[in-house]
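Peer 1: Encoded as structure tokens, here's the structure I'll be asking about.
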Amino acid sequence: MKQQKIGMDIKIRPINTLTDLRRCHEIQRATWGFTDLMVFPYTQLISAAHNGGTLLGAYDGPNLVGFVYGYLGMSGAKLYLFSQRMGVLPSCQSKGIGMKLKLAQRDMMLRQGIDLIVWTYDPLLGKNASLNIEKLGGIVRHYARDIYGAVSNPLQVGLSTDRFLLEWELMSDRVRQRIRSREPRPLAEDWLREEALNFVNYVTWESNLPRPIASDLEMDDRGLLVQIPHDLNLIKKMDLGLARGWRESTRDIFETYFRRGYVVTGFARSTQPTVPNIYKMERIELPTTSDFSSWVGGVREE
Ligand SMILES: CC(C)(COP(=O)(O)OP(=O)(O)OC[C@H]1O[C@@H](n2cnc3c(N)ncnc32)[C@H](O)[C@@H]1OP(=O)(O)O)[C@@H](O)C(=O)NCCC(=O)NCCS
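With the first letter of the sequence shown counted as 1, position 81 gets the number 92 in the numbering used here; the numbers rise by one all the way through.
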């Protein structure tokens, strides 16, 4: 796909021309490297949008550079939006477009009387964590193992498809505060220096890559910090075994602490590859209206 120069004036609006619907296929291929089998066809996207879901595009002038797609879900009596896919062209990422798409999705759902959006993401992806936890104010209390089994697209190949299940309570104090905040976002470099909270895991460096050291799974502080790599995709390219090591060690940590009532409530991004990103977990009671336990066991191969 041709690289584009991105302007600052991104507009979010529903996608409803055939050209742009087809362009959603190209964006999925360019963003994830999906094969045709993994690309959601536009017929599916548009049907969901006509039935209470969302299909919103990010436009740089006339050019569609990203989209977010979701459909309605139900848990008990609670209606919510399940946001299945969001992609921004690689050349346009980290410029606030994902944030704009999510805010427009929130606005659309609130107008429909829906106050919860749920989605999944790989807990080891810093860019997604930064957006989902810190910028949007989402929280995580469910770790879902290998939800799609082995997949072959370049972004995910070789690693189990473990996911955080993210809950975005649209009208909660936390979310309203985060999306309006003009405060500088926390930096991992500061959290490493401050020593206000203890770390569950530590990191050593070998050949410029971070390697997880054994974690402490028996802590009971009110708040705890968990280190993850700055850029998992780089580690996967350099050393797949190391990426798997990160997957296994963080799976143990989050599964253990979520079982014991901890919730991921914060994230500090690092500004350089030689410093890890950091999650914050807190032991707090948060009301829940939904039951997502069916995700947690993942899928089996047979
Ligand atoms: C995830 C995605 C949709 C986010 O969209 P985006 O436009 O890049 O998001 P934003 O720019 O609003 O937010 C990303 C934040 O992560 C930060 N970031 C970038 N790299 C980071 C890293 N390695 N670690 C931590 N934070 C990082 C960015 O600086 C930005 O924060 P800032 O606004 O404070 O500077 C987009 O990056 C994407 O398409 N990724 C690939 C596909 C994917 O994972 N989709 C989501 C799951 S379906």
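Yeah, the Cβ is synthetic: ideal placement off N, Cα and C, and Gly gets one too.
Looking at arginine 96 and ligand 1, is the gap between the Cβ and the nearest heavy atom below 8 Å?
Peer 2: Taking the first residue of the sequence shown as position 1, residue 96 is located at position 85. Yes, ligand 1 has a heavy atom inside 8 Å of this Cβ.
Peer 1: Taking C-beta to C-beta, are isoleucine 158 and tryptophan 306 nearer than 9 Å?
Peer 2: For the purposes of this step, residue 158 is identified with residue 147 of the sequence shown, where counting begins at 1. For the purposes of this step, residue 306 is identified with residue 295 of the sequence shown, where counting begins at 1. Yes.
Peer 1: Let me check one thing: in DSSP terms, what residues is phenylalanine 278 bridge-paired to?
Peer 2: Here the question's residue 278 lines up with position 267 in the sequence shown. DSSP, once it has assigned bridges, lists Tyr290 as partnering phenylalanine 278.
Peer 1: Please confirm if the stretch 203 to 217 is in contact with the stretch 226 to 234, defined as three or more CB-CB distances below 8 Å between the two stretches.
Peer 2: A contact exists between the stretch 203 to 217 and the stretch 226 to 234.
Peer 1: Within 10 angstroms of its Cβ, does threonine 42 collect 16 or more other Cβ (buried), or is it exposed?
Peer 2: Your numbering for residue 42 matches position 31 in the sequence shown. Threonine 42 is buried by the Cβ-count criterion.
Peer 1: Any heavy atom of ligand 1 closer than 8 Å to the beta-carbon of alanine 225?
Peer 2: Looking up residue 225 in the sequence shown gives position 214. No.
Peer 1: Rounded to a whole number of angstroms, what is the C-alpha to C-alpha distance between leucine 25 and glycine 77?
Peer 2: Here residue 25 refers to the residue found at position 14 of the sequence shown. Here residue 77 refers to the residue found at position 66 of the sequence shown. The displayed chain sequence assigns proline, not leucine, to residue 25. Roughly 12 Å between the two C-alpha positions.
Peer 1: Can you tell me the Cβ-Cβ gap for tyrosine 132 and phenylalanine 93, rounded? I've got them flagged as a contact below 8 Å.
Peer 2: Along the sequence shown, one-based indexing puts residue 132 at 121. Along the sequence shown, one-based indexing puts residue 93 at 82. Contact flag wrong, Cβ pair sits at about 13 Å.
Peer 1: Between lysine 247 and proline 223, what straight-line distance do the alpha-carbon atoms span, to the nearest angstrom?
Peer 2: Looking up residue 247 in the sequence shown gives position 236. Looking up residue 223 in the sequence shown gives position 212. In a straight line, the C-alpha of lysine 247 is about 14 Å away from that of proline 223.
Peer 1: For the beta strand (DSSP E) that glutamine 238 lies in, which residues bound it at each end?
Peer 2: Your numbering for residue 238 matches position 227 in the sequence shown. Unbroken beta strand (DSSP E) run through glutamine 238: 234 to 239.
Peer 1: Please tell me whether, using a cut-off of 8 Å, the distance from the CB of cysteine 35 to the nearest non-hydrogen atom of ligand 1 is below it.
Peer 2: Counting from 1 along the sequence shown, the entry for residue 35 is found at position 24. Not so, every heavy atom of ligand 1 lies at least 8 Å from the Cβ.
Peer 1: Pick helix, strand or coil for glutamate 178, following the three-state DSSP scheme.
Peer 2: Mapped onto the sequence shown, residue 178 falls at position 167. Here glutamate 178 sits in strand by DSSP.
Peer 1: Should valine 99 and glycine 149 be called a contact, given that it needs their Cβ atoms to be closer than 9 Å?
Peer 2: The sequence position of residue 99 within the sequence shown is 88, counting from 1. The sequence position of residue 149 within the sequence shown is 138, counting from 1. Contact flag unset, no.
Peer 1: Let's test the definition: count the other Cβ atoms within 10 Å of the Cβ of glutamine 15 and tell me whether it reaches 16, buried, or not, exposed.
Peer 2: Residue numbering aside, residue 15 sits at position 4 when the sequence shown is read from its first letter. Low local confidence applies: a pLDDT of 47 at glutamine 15 is under 50, so the model's placement there is unreliable, with the coordinate-based value given in what follows. Burial call: exposed.
Peer 1: When DSSP labels each residue in this structure, what does tyrosine 80 get in the three-state scheme?
Peer 2: The residue you call residue 80 lines up with position 69 of the sequence shown. Tyrosine 80: strand per DSSP, three-state reduction.
Peer 1: List the whole-angstrom C-beta distance separating arginine 258 from leucine 121, where the pair is believed to meet the contact cut-off of C-beta under 8 Å.
Peer 2: For the purposes of this step, residue 258 is identified with residue 247 of the sequence shown, where counting begins at 1. For the purposes of this step, residue 121 is identified with residue 110 of the sequence shown, where counting begins at 1. Wrong, their Cβ atoms sit about 36 Å apart, outside the cutoff.
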